[in-house]
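Engineer:
There are 2 protein chains.
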Amino acid sequence: MHYYRLATPEHAVQPRIPTSIRRHLPYLLARAYQRQQRLFEAHTRDFDITGRDYGLLLMLESNPGLWQSEIADLMGLDRTTVTYLVDGLQKRGWVAREPDPADRRAHVVTMTADGRTALESIRPAAAAAIDEVLAPLDETERDQLRALLTRLLGH
Amino acid sequence: MHYYRLATPEHAVQPRIPTSIRRHLPYLLARAYQRQQRLFEAHTRDFDITGRDYGLLLMLESNPGLWQSEIADLMGLDRTTVTYLVDGLQKRGWVAREPDPADRRAHVVTMTADGRTALESIRPAAAAAIDEVLAPLDETERDQLRALLTRLLGH
DNA sequence: TATTGTTATACTCTATAACTATA
DNA sequence: TATAGTTATAGAGTATAACAATA
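Residue numbers (the UniProt record's numbering), protein chains in the order written: chain A, 1 to 155; chain B, 1 to 155.
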């Protein structure tokens with residue numbers, strides 16, 4: 001890319017991200033997230049799923065019967081966005097909504113058998129994506145990153 | 001929120017993010033990025049700017065006269081997305097496009113005087129946002145996070 | 001009155017494809 | 001032929017406001 005500029009003395013200096021920006025944590029965080037998103041997409045191209053869909057399935061796996069408002073809290077999303085998200089998974093037959101007998105305003109969301117099957121088939125691809133994202137870090141560094149991000153989030 | 005559930009024995013267990021997810025790096029990265037985005041928005045509400053706009057202005061500050069294709073490379077974006085991004089900043093009068101005399105296919109993007117003024121007025125709010133995001137970490141931890149994310153990105 | 005969820009709607013961001021102008 | 005940029009267009013994701021059902 002930009003061969004002409006590189007070959008031309010006046011333009012021989014390739015534009016670079018200045019150190020002030022390369023050391024800027026918001027920039028690093030945004031680029032890391034961007035890379036993670038793209039690698040997840042690349043690895044799960046054969047499955048009709050996004051990273052967030054996958055995250056919600058994991059959430060439901062360990063926490064069956066969540067209310068949509070609870071999903072909104074747990075994922076930091078608006079109620080209407082959760083409606084949209086659950087709609088999509090329900091159309092694929094991966095989750096079901098049932099009214100909560102204890103509070104009929106609320107709908108309880110659970111994974112279906114098809115959802116569990118889909119989750120199992122996607123899991124290896126998701127794991128491969130994570131492996132590629134984290135490839136530059138050894139186990140100790142991954143633990144450090146986990147600890148730092150956990151502190152950052154106040155968890 | 002969910003007062004009824006909390007007050008009811010059957011529902012006394014508040015739904016929690018399971019440890020398996022709380023320790024999941026993709027989840028932590030996504031939440032950290034989400035938090036950063038929202039705090040930037042909250043702090044810069046008085047200015048008509050997004051985090052990415054701000055990042056591009058910083059990029060142009062230290063690298064005046066970038067081609068749009070170079071911006072695309074540096075920010076990991078598609079050419080058409082850069083057109084859209086530069087359009088927005090140009091409408092606000094913060095950047096200007098000029099054809100590069102050395103290669104008239106390309107447009108050179110520079111900050112205007114108004115752009116520099118805007119950047120200076122926004123900088124304190126952006127800094128406050130970053131301070132709030134990073135508040136849980138001391139200087140040593142910030143350096144560690146910088147180093148780990150830099151390695152993650154292969155920079 | 002407050003809360004859960006839905007719907008209608010609109011806006012932002014992103015990318016693909018087809019184009020133009022230059023190289 | 002290949003590259004830089006634009007335009008038209010479409011799709012994802014997000015949110016606000018108004019609403020219905022229930023508490």
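Glycine is no exception: its CB is placed at the ideal position from the N, C-alpha and C atoms.
Predicted model, so just to flag it, every value in this text is computed and none were measured.
#1: Could you name the residues that DSSP lists as bridge partners for B:Asp100?
#2: Less than 7 angstroms between CB atoms is the rule here; does B:Tyr84 satisfy it with respect to chain A?
#3: Tell me the DSSP secondary structure of A:Thr140 in three-state form.
#4: If we cut at 7 angstroms on Cβ distances, does B:Leu153 have a partner in chain A?
#5: Hey, is A:Gln68's beta-carbon within less than 7 angstroms of any beta-carbon in chain B?
#6: Based on the DSSP secondary-structure assignment, which residues constitute the bridge partners of A:Thr112?
#7: Taking the alpha-carbon positions, what's the B:Ala129 to A:Leu66 distance?
#8: Could you say if the stretch 24-32 of chain A and the stretch 26-33 of chain B meet the contact criterion of at least three C-beta pairs nearer than 8 angstroms?
#9: Measuring only the C-alpha atoms, how far is A:Leu152 from B:Leu148?
#10: With 7 angstroms set as the bound, which would you pick, yes or no: does the beta-carbon of residue 169 of chain B sit closer than that to a beta-carbon of chain A?
#11: In chain B, what lies closer than 9 angstroms to residue 156 of chain A by C-beta?
#12: Give the residues from the stretch 130-147 of chain B that approach chain A closer than 8 angstroms (Cβ to any Cβ), ordered along the chain.
#13: Look at B:Leu89 and B:Val82 and say whether their C-beta atoms are less than 7 angstroms apart.
#14: Taking C-beta to C-beta, are A:Ile122 and A:Ile49 nearer than 7 angstroms?
#15: What does DSSP give as the partner residue(s) for A:Leu66 in the beta ladder?
#16: In angstroms with no decimal places, state the Cα-to-Cα distance between A:Leu99 and A:Arg105.
#17: Any Cβ of chain A within less than 7 angstroms of the Cβ of B:Gly76?
#18: For B:Gly115, collect the residues of the same chain with a Cβ closer than 6 angstroms to its Cβ; drop the 5 residues on either side in sequence, then sort them by chain order.
#19: What span of residues does the alpha helix (DSSP H) with B:Asp87 cover, start to end?
#20: Would you say A:Leu58 and B:Ile21 are within 7 angstroms of each other, going by their C-beta atoms?
#21: When we look at the beta-carbon of B:Leu85 and count the other beta-carbons within 10 Å, is it buried (16 or more) or exposed?
#22: Identify, in the order they occur along the chain, each residue of the same chain with its Cβ nearer than 7 angstroms to the Cβ of A:Asp73, setting aside the five sequence neighbours on each side.
#23: Do A:Arg146 and A:Leu134 count as a contact pair if the criterion is CB distance below 7 angstroms?
#24: Output needed for residue 244 of chain B: all residues of its chain with C-beta closer than 8 angstroms, excluding positions within five of it in sequence on either side, in chain order.
Structural biologist: So, from the data block:
#1: B:Asp103
#2: no
#3: helix
#4: yes
#5: no
#6: A:Thr112 is not bridged to any residue.
#7: 33 angstroms
#8: yes
#9: 14 angstroms
#10: Nothing about residue 169 of chain B can be reported from this structure: the residues present for chain B run from 1 to 155 only.
#11: Examination of residue 156 of chain A is not possible in this model, given that chain A is present from 1 through 155 alone.
#12: Ile130, Val133, Leu134, Pro136, Leu137, Glu141, Arg142, Gln144, Leu145 and Arg146
#13: no
#14: yes
#15: A:Val109
#16: This sequence places Pro at residue 99 of chain A; Leu is not what is there. Cα to Cα, A:Pro99 sits roughly 7 angstroms from A:Arg105.
#17: yes
#18: Trp94 and Val95
#19: Arg79 to Lys91
#20: yes
#21: buried
#22: none
#23: no
#24: Not covered by the structure: residue 244 of chain B. The range shown for chain B is 1 to 155.
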